[in-house]
Amino acid sequence: MSNDDRDFRYMALNDLINELEKNAVINIDEAIEHKVITAVLGLMRDNSGEVQNLAVKCLGPLVKRVRVENTLEIIDKLSDYAKQTDDEMLRGIASMGLKTVISEVDPSIGESICRRILPRLLEMVQSSSYEMQMDSLDILAEVLSRFGSQVTTEAQSRVQQVLMPLLDHPRAAVRKRTTVAIGYSVVHLTDDMYSTLMEHLLQGLKSTKSSEKLRTLIQCAGVLSRYSTKHLSGYLSQVMPIIVQHTVQADEDDELREICLQSLESFVVRCPTEITSYLNEIIKLGLEYIKYDPNYAEDDDDEEDEEMEEDEDDEFDDAVEYSDDDDDISWKVRRSATKLLSAVIETRLDLLEQLYENVAPALINRFKEREETVRIDVLQTFIILLRQTGLHERQDLIQLEETRRVNLYFDTTGFGEELCLLPEITPRAVTKPKQGPKLLLSQLVPNLTTALSKQLSSKSTQTRQAGFQLLRELLYVLQSGLDDRIQLFIPAIQGSLTAAGDQQQVALTSNLRIEVLAFLRQLFRTHEPASLYPFLDRLAPAVILTTSDRLYKIASEALVVCIELLKVIRPIQYNTETQQYDISPMNDQHMPYIHDIYQATLQIMTTSDADQEVKERSIMCFGALLSQTNDVLQSQQQEAWEMLLERLRNEVTRVITMRTLAIVCQSPVTVGEESKRCALVAVDELAMLLRKSNRNLRVASAQCLRILVKKFGESLSEQSYQNLVNEVVPLLSDDDLHLLPLALRLMETLVIVQPASAKQAKTTLLPTLLGLIQSPLLQGSALDSLLDLFAALGKADPQDYQELVQSLINPMLNAQTSGVSAGGVAAVANKQSAATVAQCVAVLAANVDDANRNETIHMFGNWIETPSTNDSIKYLSLLSLGELGRRRELEQIDGIQQSILALFGAQSEEVKFAAAFALGNISVGDINKHLPVILTQIKEQPKKRYLLLNSLKEVITRSNEGNKLQQVSTMIWEVLLESCDTEQEEGTRNVAAECLGKLALTDPKQYIPVLQAKLSEPSAYMRATVATAIKYTIADPTNEHDDLLRPTLSGLLPLLKDESLEVQRLALLTLNSAVHRKQSLVKDILGDMIPLLYQETVVKEELIHTVEMGPFKHKVDDGLEIRKAAFECLYALLGYFDSIDANDFLDRVRDGLNDQHDIKMLAYLMLGRLAKIVPNAIQQRLDEYAEPLKITLDFKMRSNAVKQEVEKNQELVRATLRCIVSLQGLEHSGSPKFNALSKDVRTGPLAEEYKKTMTEIDSREATRGTNDYMDLS
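Have a look at this one:
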């Protein structure tokens, strides 16, 4: 590095940088280290600029490797260089070096660095040299950003004293850098220092006459709102009137007015609660200055409209109407006003109706904005308004989408959507809203579409793209509304889709064309076909032509639009009343479009070099074509079906073709010998694919086969049938619980369509099923499918009933009891298998003749009455009798009830519960005979009450005939209430509560008010039980009883302050259930509920006590469960965040980060979700959250910690990292603590775990779909 040749010096520095940046540990001797530092610093005086710059670059990795004292020596030397005035070039290079060192040095030595460098920086800041001031302010801002929390209070005060006068500096650049430095410093100021700063700022705003300095001061206020929202909110009442005054009185100073509006926008975003009282004034300012254009002589609206109609191609060319256009910056004021209104719309969902009345018309009027950037901002602001309306109406929109997606649809998750075919008969045009934002929006549609149609004919590609995006959002919210306005947009649609030009022009318009196609898709989905027919001759050819576009994204989107177009040309809808499809006749005028789509998709499907996404969507479109018009494409039948078979044999397109084939075969217009022939060929092809290792392929094959077999199974040859059975049987395993129910349903379909062949297949099938029954994983849809299969087997061959039953129960009879429980009672073998066998036997018996059924019932009855029968067989017999009794009355066995009751005293707990299950279920079959006995026993046998209440629960839960239960409900109700009041055992009360809640739904008008009244009973047992009972009542999926439940939920709120902790906890759990299930009811009580929940999130010292366990002392927190329930409820309330004050909520989340393990986990989840719901509010508090996050990551486990403690800590660390990744997406330049934490995580010992977490989150986000815009970078 001391060589005379500059190339040698340069290469030596470069080699040093490469060595320093390697991950390997470098042990440098102290003397050598000192020599290296001296050499690098010496090269900062080098004659070569390249060597100087490389020396500055070298400082970054160097300070990470050297000792602390040497780092401080580097800073001292650089400070001396930066402070001297003799060599200006050296001073500039040294300043760059200081910034590099400050940004790269280890934050742990920040305190020492601040102590060394701050006095020198403050001295340099006060220098008379302009360049030195600029550089020193940059370095000071970097120091405060990285080490602000390590600066002493005294030093902070000194920094403030030096910076405040610089706000009056004559040079604008100095004032700007001073503002940035102040922003970083205010994060760590004490209240007194902040007060001093604000007094200085307010005094300057009131007294300063210079417009340039006013801009700086107002900009500083905006910076303070960004970096220290909490502090500034207390001074908002003093700052706001001054800024509003300067906004209005800025005269011709458009820059000052722009900065004022930007500061107001910052206040709206960052101080949403405190700004509320000023919102009307802010909206008024936004509306006034969104049309501020002093250099444009605007005529009245009528004349302007006429002029625009006469010259739509170039609407602002008339120079007579402008003055000083080159110097005109009024557009910046209009842009700032637009962004201010946008901020109000985004943050105030509660003012939506007011915004539609005041702001929306003004935005529509400004669609004519002459400056393109402002015009696009205006359109985007209206789009935000529409999206906020969509959030407000999201529940209705979700329900509407669900009604449309009932029958046949393509699951195209990979493309971020689902394409529905053959919907139910529901009017596509939704009935007009009667009130609320949607009504106000629908009233604006005529003016909106007229104003927008003029912009869609402009030359600006960006304007047209934003315009079509706005229309698409409008259709999503209103789900119709353009029936009589469509003609306004036809020329723009045609022009955008068929635009031709050079390669560059095509690339620029590609995103526009994608947006137009997305709009057309929404238009076709949401409007009645009849309203679209007059325009198909102009729309259909343009869309069909676009399917052959060379840009794959455009072709792909066009194919999806063709699917919707086909549903318009030939609507087929399912009539729920007649349970038949209503097939519209084919209009001959539209037949050419059918053939054109056929040829276009056929062309793509036969092209070998087409993009994969285009290929798949062409197959989907081909399937939609056959599903809608198969009966009118007679001449193309053979070619079309052969093409599907060819695509099925192709490995690349196999899966999407299976799904398409399934859709086509379910269509009511899929008829004819050709379709049957190809379907039967496809069955053989698909059967072979069931043995493939690819799981997705097997799942798709099983789904498709079931549909094909259901429609064409009767025509299957014996050989094909047997081959298919042989391929399906190996899939009947619990190795894949997603594939298992599909395979079982396919086998059931095979048994149903050919019962005669099923008898032969049974020899292969039955051993596999019997093995499957032994699996403990068999439940849910797999179990339901298995029961359906056994029912089908029983109906297909009734003569083999006894053989089937014996094959089911014999393995259970031969099972050896395993293990001995306490008291020497043998444990029941394989309880899960016994339950499955019982249900299978019951399904078979329910579908057989009386003689066979009675024989089975007597067999089980004898076993439970025989004392010598082992517990496993008794357990199986009781479950089987229960399952049978639920389906049929058990009149065949006298005294069966007493036999079951006798087993309530069995030694085995499993037998006791099986007896309770059996008693309840046989009572369902004959409620009048058995129920009175259960009720009597509950009163007379307190020791058996828990089991008897479980029987009663079975009666209430399983009784399908509501009227039968309603006749005896009064008797049940009285017994249950009596049990609640006297029973002290918690488990018994919980069962009684479940019975009460479910019974209340049999006669809500009678029982729900009684439950409400019982909430104020003096007995804590009663209050606790009733609070739990309401949870089960709320579980009712219908909304029929909401009016009765509304006052009941309000009655739960006082229980959150109940003297009994158990009552408080149960009330919280019930409210949590209500938040998930009864959104409309919870909204009514949210205002009263939120403060009570907040009170329960606080750690209460009086509930913490110490328990001595031998020589150890252990702290017990009796309030932990209540706090956990409160946080769970708050987490559920994130879906209602538009009605909740963000600041108070975030305070509770911060407290949760410092609580115990379970609550911390909830807080991390909440913080991750809130980063997406209210990013601006979270952004202001990142530094508050950084400290508890850091504490969790830095926590060191005890050396003798048990495995459970280690796993819990690892779980916390992973949750913390996920939370940090979520927060990383926010703007965090003004959060030095969070920046330091983020950097430590990325480069520290957790770096690998952090990368892994980030990869997992990115992959999860990627599967949710991305937008379809072209990447033109």
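Under our numbering, the letters of the sequence shown match residues 590 to 1862, in that order. Glycine included, C-beta positions come from ideal geometry on N, C-alpha and C.
### Task
Quick one: give me the first and last residue of the beta strand (DSSP E) that MET1698 is part of.
In the DSSP assignment, MET1698 falls within the unbroken beta strand (DSSP E) covering 1693 to 1698.
#### Entry: Rounded straight-line distance, which links the Cα of ARG1758 to that of GLN969
When only Cα atoms are considered, GLN969 and ARG1758 end up about 25 angstroms apart.
### Message
Quick check on DSSP: helix, strand or coil for GLU899?
### Response
Here the model assigns GLU899 a pLDDT of 40, short of 50, so the residue's position is not dependable, and the following value carries that caveat. In this structure, GLU899 counts as helix in the three-state DSSP scheme.
### Message
Do ALA1618 and ALA1582 count as a contact pair if the criterion is CB distance below 7 angstroms?
### Response
The criterion of a C-beta distance shorter than 7 angstroms is satisfied by ALA1582 and ALA1618.
### Which of helix, strand or coil DSSP assigns to GLY1408
Residue placement at GLY1408 is poorly supported in this model, since its pLDDT is 41, which falls under 50; the coordinates are not used for a value here.
### Message
Let's test the definition: count the other Cβ atoms within 10 Å of the Cβ of SER1788 and tell me whether it reaches 16, buried, or not, exposed.
### Response
SER1788 should be labelled exposed.
### Query
Buried or exposed: HIS1116, going by 16 or more other Cβ atoms within 10 Å of its Cβ?
Taking a 10 Å sphere around the C-beta of HIS1116, we find 16 or more other C-beta atoms and assign the residue as buried.
### Task
Can you say whether SER925 is buried or exposed, counting buried as having 16 or more other CB atoms within 10 angstroms of its CB?
It is buried - the Cβ of SER925 has at least 16 other Cβ atoms within 10 Å.
#### Entry: Residue range of the alpha helix (DSSP H) that includes ILE1183
1180 to 1194 is the extent of the alpha helix (DSSP H) around ILE1183.
### Query
Rounded to a whole number of angstroms, what is the C-alpha to C-alpha distance between TYR599 and GLY638?
C-alpha separation (whole angstroms): 10 angstroms.
### Query
For GLU904, does the three-state DSSP call read helix, strand or coil?
Confidence at GLU904 is low in this model, with a pLDDT of 41, below 50, so its placement is unreliable and the value that follows should be read with caution. In the structure shown, GLU904 falls within a coil segment according to DSSP collapsed to helix, strand and coil.
### Query
Can you list, in chain order, the residues of its chain whose CB lies under 8 angstroms from that of LEU1756, leaving out five sequence neighbours each side?
Non-local C-beta neighbours of LEU1756 in its own chain, meaning closer than 8 angstroms and more than five positions away in sequence, comprise VAL1738, LEU1742, ILE1767, TYR1774, CYS1808, SER1811 and LEU1812, ordered along the chain.
### Task
Report the rounded CA-to-CA distance for GLN1308 versus LEU1278, giving the unit in angstroms.
Near 17 angstroms, if we compare the C-alpha coordinates of LEU1278 and GLN1308.
### Message
Tell me the DSSP secondary structure of GLN1388 in three-state form.
### Response
Three-state result, GLN1388: helix.
### Query
What residue range is occupied by the uninterrupted alpha helix (DSSP H) comprising ILE1619?
In the DSSP assignment, ILE1619 falls within the unbroken alpha helix (DSSP H) covering 1609 to 1623.
### Task
Say whether the stretch 1222 to 1241 touches the stretch 1169 to 1177, bearing in mind that this needs 3 or more beta-carbon pairs closer than 8 angstroms, one atom from each stretch.
Verdict: no, contact absent.
#### Entry: Helix, strand or coil at PHE1784 according to DSSP, with G and I counted as helix
In the three-state reduction of the DSSP assignment, PHE1784 falls in the coil class.
### Task
Just tell me which of ALA949, ASN884, ASP843 and TYR816 has its CA closest to the CA of LYS873.
Checking every option, the nearest Cα to that of LYS873 belongs to ALA949.
#### Entry: Through-space distance from GLU844 to ASP1730, alpha-carbon basis
Roughly 34 angstroms between the two C-alpha positions.
### Query
How do the stretch 1288 to 1296 and the stretch 1192 to 1203 stand: do at least 3 beta-carbon pairs fall below 8 angstroms, yes or no?
In short, these stretches do not touch, since the Cβ pair count stays below three.
### Query
So HIS1703 is in the beta strand (DSSP E); what residue range does that whole segment cover?
Taken as a continuous stretch (DSSP letters only), the beta strand (DSSP E) holding HIS1703 covers 1701 to 1706.
#### Entry: Own chain, CB closer than 6 angstroms to GLU960, minus 5 neighbours either side, in chain order
Excluding residues up to 5 positions away in sequence, TRP920 lie with their Cβ nearer than 6 angstroms to the Cβ of GLU960 in the same chain.
#### Entry: Proximity to LEU1433 [Cα-Cα], best of ALA1381, LEU1468, GLU662 and ARG1475
With distances taken between CA atoms, LEU1433 lies nearest to ALA1381 out of ALA1381, LEU1468, GLU662 and ARG1475.
### Query
Quick one, which of VAL640, ASP635, ASN636 and ALA620 has its alpha-carbon nearest ASP604's?
Relative to the Cα of ASP604, the nearest Cα in the group VAL640, ASP635, ASN636 and ALA620 belongs to VAL640.
### Query
Out of curiosity, what's the CA-to-CA distance linking LYS1204 and SER1145?
Straight-line measurement puts the Cα of SER1145 at about 8 angstroms from the Cα of LYS1204.
#### Entry: Nearest to ILE1362 (by Cα), restricted to the options ASN1399, LEU1339 and THR1338
Among ASN1399, LEU1339 and THR1338, the Cα nearest to that of ILE1362 is on ASN1399.
### Message
With DSSP as the reference, identify every bridge partner of TYR1464, one or two as the case may be.
### Response
DSSP lists no bridge partner for TYR1464.
### Task
Quickly, what does DSSP pair ASP966 with across the bridge? List them, please.
ASP966 is not bridged by DSSP to any residue.
### Task
Determine the extent of the alpha helix (DSSP H) in which ILE1143 is found, giving its start and end residues.
Taken as a continuous stretch (DSSP letters only), the alpha helix (DSSP H) holding ILE1143 covers 1141 to 1158.
#### Entry: Selection from TYR670, THR689, VAL857 and LYS819 that minimises the alpha carbon distance to GLN1769
The shortest C-alpha separation from GLN1769 is found at LYS819.
### Task
Please find out if some non-hydrogen atom of the ligand FMN comes closer than 6 angstroms to the beta-carbon of ALA839.
Absence of the ligand FMN is noted for the structure shown, with no ligands found whatsoever.
### Query
Are the beta-carbon atoms belonging to ALA1332 and VAL1340 less than 7 angstroms from one another?
Between ALA1332 and VAL1340, the C-beta spacing is not below 7 angstroms.
### Message
Three Cβ pairs or more, each shorter than 8 angstroms: is that satisfied between the stretch 1699 to 1709 and the stretch 1658 to 1666?
### Response
The answer is no - the stretch 1658 to 1666 does not touch the stretch 1699 to 1709, with fewer than three Cβ pairs under 8 angstroms.
### alpha helix (DSSP H) runs contained entirely in the stretch 639 to 714, provided each spans 4 or more residues
Here the runs fully enclosed are 657 to 672, 677 to 693 and 699 to 714.
### Query
Using DSSP with H/G/I as helix, E/B as strand and the rest coil, what is PRO1365?
Coil.
### Query
With ARG735 and ALA1825 assumed to form a contact (beta carbons below 8 angstroms), what rounded beta-carbon distance in angstroms separates them?
The C-beta distance from ARG735 to ALA1825 rounds to 7 angstroms, short enough to fall under 8 angstroms.
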